[in-house]
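Undergrad: If you're matching positions, the sequence shown starts at -4 in the numbering used here and goes up one per residue.
All C-beta atoms, glycine included, are put in the ideal place defined by N, C-alpha and C.
Handing you this structure, nothing more for now.
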Amino acid sequence: MLGSGLIQGLAVTAKNFVKSFHDPARLVTVEYPEQKTKLPENYRNFPFLVYDGDQAIDGLRCVACKICEAECPPQCIYIIPDRDEKGRPTKKPKVFDLDISVCMSCQICVEVCPFDAIKMDQHFEIATAERFNALLLHREDLAKSDAYFHTLHPTEAAQVDAVLAEAKRRTEAKARPAAPAAVPATPTAPAAPAAKPPEPPPPAV
């Protein structure tokens, strides 16, 4: 029949149009930016640093081991470890810069981090009129809370929490002083029999 393909195509379009009023997942477009669709959990953009507690810098999980810097294929990560007044490393990054104009979102930095300190963000509204400094993110820009990480990747965050909790339990178990070993009781020797009282002398004749 002439035009049957056109009619079938319009029927599919009409069906999805009507069902979209009842199922928002069928909507192809939304009124952005007033409305925003929820991104898939595995969507990723650029890395960020996770911190625990309320202090963004002091609570960073990063220990400045520089493994991510060494393994980054485009070499977009730059780290300088912090040091105390005696020049000893404090296991904190003094400088942690990320050049997002170079980063290719490969997630290798996340995979190699032994401390679960760096994760992939989902923030994509990063347009700027500045071509240089605005594309270089510093430690303060990258630090985001563990609660934020849970909102982006709840499944992965739950797994990380379980691993960190187990590691903390093992560390506390090693630091706990071992209980002294029980000393076996020494068997006591049997008591000596009581001495008999002396017999009275025989009567005189």
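Looking only at its own chain, which residues have a Cβ that is under 7 angstroms from the Cβ of T85, when we skip the five neighbours before and after it?
TA: The residue you call residue 85 lines up with position 90 of the sequence shown. Taken in chain order, the residues that qualify are D77, R78 and D79.
Undergrad: Could you check where the alpha helix (DSSP H) with L5 kicks off and where it finishes?
TA: As a working mapping, residue 5 is identified with position 10 in the sequence shown. From DSSP, the alpha helix (DSSP H) with L5 extends over S(-1) to K14.
Undergrad: So for L159, helix, strand or coil by DSSP?
TA: Residue 159 sits at position 164 when you count from the first residue of the sequence shown. Under the three-state reduction of DSSP, L159 is assigned to helix.
Undergrad: Any chance the stretch 39 to 50 sits against the stretch 108 to 126, with 3 or more Cβ pairs inside 8 angstroms?
TA: yes
Undergrad: If you compare alpha carbons, which of I62, K81 and G82 is closest to Y73?
TA: Taking the sequence shown and counting its residues from 1, one reaches residue 73 at position 78. Considering only alpha carbons, the answer is I62.
Undergrad: Sorted by chain position, which residues of the same chain lie with C-beta nearer than 8 angstroms to A162's C-beta, five sequence neighbours on each side aside?
TA: Mapped onto the sequence shown, residue 162 falls at position 167. Excluding positions up to five away in sequence, the list is empty.
Undergrad: Can you look up A201 in the DSSP assignment and give me helix, strand or coil?
TA: Because the chain is modelled from -4 through 200, residue 201 falls outside the range shown and cannot be assessed.
Undergrad: Between the C-alpha atoms of V23 and P149, what's the straight-line distance to the nearest angstrom?
TA: Here the question's residue 23 lines up with position 28 in the sequence shown. Here the question's residue 149 lines up with position 154 in the sequence shown. Their Cα atoms are separated by approximately 25 angstroms.
Undergrad: Can you tell me the Cβ-Cβ gap for F91 and R39, rounded? I've got them flagged as a contact below 8 angstroms.
TA: For this step, residue 91 is matched to residue 96 along the sequence shown. For this step, residue 39 is matched to residue 44 along the sequence shown. Contact flag wrong, Cβ pair sits at about 19 angstroms.
Undergrad: With a threshold of 16 other CB atoms inside 10 Å of the CB of P35, please say whether the residue is buried or exposed.
TA: For the purposes of this step, residue 35 is taken as residue 40 along the sequence shown, with counting starting at 1. The residue is exposed, with fewer than 16 neighbouring Cβ atoms inside 10 Å.
Undergrad: For my contact list, C101 and F41 are in at a C-beta cut-off of 8 angstroms; report their separation, rounded to the angstrom.
TA: Here the question's residue 101 lines up with position 106 in the sequence shown. Here the question's residue 41 lines up with position 46 in the sequence shown. Approximately 11 angstroms separates the beta-carbon atoms of C101 and F41; this is outside 8 angstroms, ruling out the contact.
Undergrad: When DSSP labels each residue in this structure, what does Y143 get in the three-state scheme?
TA: As a working mapping, residue 143 is identified with position 148 in the sequence shown. If DSSP states are grouped into helix, strand and coil, Y143 belongs with the helices.
Undergrad: Would you mind working out which of Y143, S96 and L130 sits nearest D116, comparing C-alpha positions?
TA: On the sequence shown, residue 116 is found 121 positions in, with the first residue counted as 1. Selected option, being the one with the closest Cα: Y143.
Undergrad: Pick out whichever of E26, L137 and R165 has its Cα sitting closest to the Cα of R56.
TA: One-based indexing of the sequence shown puts residue 56 at position 61. It is L137 whose Cα lies nearest to the Cα of R56.
Undergrad: Whole angstroms are fine: how far does the CA of A160 sit from the CA of Q50?
TA: In the sequence shown, residue 50 corresponds to position 55, counting from 1. In the sequence shown, residue 160 corresponds to position 165, counting from 1. Those two C-alpha atoms are separated by around 20 angstroms.
Undergrad: Report all residues from its chain with a CB closer than 6 angstroms to the CB of S15; omit the five preceding and five following residues, and keep chain order.
TA: Counted from its first residue, the sequence shown places residue 15 at position 20. So the qualifying residues of the chain are R21 and L22.
Undergrad: With a cut-off of 8 angstroms, does the C-beta of I72 fall near any C-beta of chain C?
TA: Absent from the structure is chain C; it holds one protein chain and no more.
Undergrad: Less than 8 angstroms separating the beta-carbons of C104 and E66?
TA: Translated into positions along the sequence shown, residue 104 becomes position 109. Translated into positions along the sequence shown, residue 66 becomes position 71. Contact: yes.
Undergrad: The beta strand (DSSP E) spanning I75 covers which residue range?
TA: Along the sequence shown, one-based indexing puts residue 75 at 80. Counting along the chain, the beta strand (DSSP E) containing I75 begins and ends at I72 to R78.
Undergrad: Return the residue from the list I95, L5 and V13 that minimises the CA-CA distance to L132.
TA: Working through the sequence shown from its first residue, we reach residue 132 at position 137. Out of I95, L5 and V13, I95 has the C-alpha closest to the C-alpha of L132.
Undergrad: Could you tell me which whole beta strand (DSSP E) segments of length 3 or greater appear in the stretch 25 to 108?
TA: 42 to 46, 72 to 78 and 84 to 94
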